[in-house]
Amino acid sequence: MISKIYETAEQALDGLLRNGMSIASGGFGLCGIPETLIAAIARSGVQNLTVISNNAGVDDFGLGIMVRSRQISRIIASYVGENKEFERQYLSGELEVEFNPQGTLAERIRAGGAGIPAFYTRTGVGTILAEGKEIRTFAGFDHVMETGLVADLAIVKAWRADPFGNLVYRKSARNFNPIVATCGKVTIAEVEEIVGPGELDPSQIHTPGIYVQRVIHAACNEKRIEQKTLKKEAL
Amino acid sequence: MVWTRDQMAARAARELKPGNFVNLGIGIPTLVANHVPADIDVTLHSENGILGLGPFPTEDEVDADVINAGKQTITELRRTSYFSSADSFAMVRGGHINLSILGAMEVDEEGSLANWMVPGQTVKGPGGAMDLVAGVPRIIVLMDHVTKTGSAKFRRSCSLPYTGRYVVDMIITDLAVFARPDRQSRFTLMECAPDVSVRNVMESTQASFDLGDYF
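Chains E and B supply the protein sequences, listed in that same order.
In terms of this note's numbering, the first sequence is residues 1 to 235.
In terms of this note's numbering, the second sequence is residues 1 to 215.
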């Protein structure tokens with residue numbers, strides 16, 4: 001039996017990183033981000049990355065650490081609010097940002113992974129995000145053409161994996177991870193728990209192992225919370 | 001007397017219908033959840049992949065893997081389901097979410113709205129707002145009637161970059177409620193806050209609108 005499990009993030013990334021490559025990352029805010037792999041890619045010093053991710057982390061956590069070390073030259077994202085160094089690089093022109101509506105970003109990633117080069121959506125029609133893109137009318141409404149996205153490397157966070165790379169996500173930490181897992185030429189999953197063959201219920205697998213080439217046990221599971229909101233404060 | 005944020009949220013909650021799937025935006029719209037009438041069963045949607053949002057957790061219930069689209073910690077309900085971001089926006093784009101209540105910087109008299117960027121200021125990105133206004137069949141905007149500097153937010157045309165065109169069905173402000181039966185129609189003034197006159201509303205509004213039968 002061939003196992004996809006690697007001991008460390010460095011071993012899992014070995015041979016995959018090169019300057020100028022594209023990396024897609026799962027996660028929403030800081031929820032469900034591949035913390036261990038992001039930290040390892042930051043340590044590797046790889047430069048001039050194009051990153052596909054819904055958000056860009058915060059200054060000292062998640063993708064924010066790669067922003068701070070200036071390893072990212074271009075990012076395709078929907079919302080990058082919580083990151084001051086990001087703002088600075090963006091305003092100074094050091095960092096190129098392509099904003100996508102969040103659902104369009106999700107569908108571009110899904111389409112890319114599914115071999116669909118482009119699709120039409122009503123989202124964004126009549127806004128500056130549709131400028132320069134093909135518009136076609138279906139059923140009386142204008143739609144904008146958006147293209148599928150693929151990445152040289154996809155990194156995701158899951159709850160559990162087996163040696164075949166089958167993945168199960170936990171609660172809302174699923175978010176972009178299942179689609180990001182499909183859009184990488186190579187996909188690495190970091191997981192909270194690795195289980196043995198047959199221990200995942202085949203009916204409950206979210207990402208079949210065909211999409212996942214390498215798996216590591218997550219060394220970082222900080223799971224930082226951005227807005228801890230408690231019942232007492234609840235209005 | 002102008003309506004408070006909570007009164008605006010309570011007014012918006014009266015638009016909820018039994019069985020609705022509803023997406024609430026960040027800010028005043030989030031307050032709508034506190035005013036859902038006991039006999040109206042609605043399911044709240046969160047763009048990050050949740051149907052069935054529960055209330056904020058106690059300290060013991062906090063789970064970093066259970067957050068809403070505002071990145072706030074929340075709880076599950078017995079009906080809760082989780083899914084990917086692609087599925088979440090398939091629900092939005094596919095018209096399966098019945099109602100979205102969101103904030104706006106500006107709305108114009110054609111029902112186009114702007115709520116994601118101010119040129120010259122830091123742009124954070126549209127998030128899911130463009131998807132929601134394009135895909136959800138009923139859009140209610142909750143916003144202050146005028147900006148902090150006193151200029152009208154319900155305008156002849158938006159001065160800020162659009163989030164979506166011709167998409168707003170109802171506007172609830174601290175002064176008044178405007179609605180229209182479909183997206184080709186003009187807005188009609190439906191209600192004013194207590195002791196707010198039609199004249200008060202007209203003076204604070206740049207958009208043209210019709211007066212409802214009530215007036």
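By construction, the Cβ of each residue, glycine as well, lies at the ideal position given by its N, Cα and C atoms.
- Just measuring C-alpha positions, the residue of B/45, B/79, B/11, B/178 sitting nearest residue 96 of chain B is B/45.
- For residue 109 of chain E, no beta strand (DSSP E) encloses it; the enclosing alpha helix (DSSP H) starts and ends at 102-113.
- Nearest in C-alpha terms to residue 182 of chain E, of all of E/56, E/121, E/153, E/11, is E/153.
- In this structure, the straight-line span from the alpha carbon of residue 80 of chain B to that of residue 71 of chain B is close to 17 Å.
- Using beta-carbon distances, residue 185 of chain E does not count as an interface residue toward chain B, since no partner is under 8 Å.
- Counting other Cβ atoms within 10 Å of its Cβ, residue 178 of chain B reaches 16 or more and is therefore classed as buried.
- Residue 188 of chain E has its alpha-carbon roughly 12 Å from the corresponding atom of residue 17 of chain E.
- At least one CB of chain E lies nearer than 8 Å to the CB of residue 59 of chain B.
- Straight across, the Cα-Cα distance linking residue 224 of chain E with residue 151 of chain B is about 40 Å.
- By the neighbour-count definition (other C-beta atoms within 10 Å, threshold 16), residue 83 of chain E is a buried residue.
- For the segment 3-55 of chain B, the continuous alpha helix (DSSP H) assignments of 4+ residues that do not extend past its boundaries occur at 5-13, 28-31, in sequence order.
- At a beta-carbon threshold of 7 Å, the residues of chain E lying near residue 93 of chain B are 103, 121, 123, ordered along the chain.
- Below 8 Å, too few C-beta pairs join the segment 109-120 of chain B and the segment 130-143 of chain E to call them touching: fewer than three.
- In the three-state DSSP reduction, residue 11 of chain E falls in the helix class (H, G or I).
- The continuous beta strand (DSSP E) containing residue 190 of chain E extends over residues 184-194.
- At a cut-off of 8 Å between beta-carbon atoms, residue 77 of chain E makes contact with chain B.
- Between residue 25 of chain B and residue 135 of chain B, the gap from beta carbon to beta carbon reaches 8 Å or more.
- At a C-beta separation below 9 Å, residue 220 of chain E has no neighbours in chain B, since its nearest C-beta there lies roughly 13 Å away.
- Between residue 209 of chain B and residue 98 of chain B, the gap from beta carbon to beta carbon reaches 8 Å or more.
- Here residue 215 of chain E really is in contact with residue 165 of chain E; their C-beta atoms are around 6 Å apart, less than 8 Å.
- Per DSSP, reduced to three states, the secondary structure at residue 81 of chain B is strand.
- According to DSSP, residue 157 of chain E shares a beta bridge with E/190.
- Taking the C-beta atoms as reference points, residue 25 of chain E is found no nearer than 8 Å to residue 49 of chain E.
- With its beta carbon less than 8 Å from one in chain B, residue 106 of chain E belongs to the interface.
- In its chain, beyond the 5 residues on either side, 62, 224, 226 have a beta carbon closer than 6 Å to the beta carbon of residue 30 of chain E.
- Cβ atoms of residue 163 of chain E and residue 22 of chain E stay farther apart than 8 Å, at about 28 Å.
- Spatial neighbours of residue 33 of chain B in its own chain (CB-CB distance under 7 Å, excluding positions within 5 residues in sequence) are listed in chain order as 24, 44.
- Rounded to the nearest whole angstrom, the C-alpha separation of residue 103 of chain E and residue 93 of chain B is 8 Å.
- The count of Cβ pairs closer than 8 Å, one atom from the segment 139-158 of chain B and one from the segment 81-92 of chain B, stays below three, leaving the stretches out of contact.
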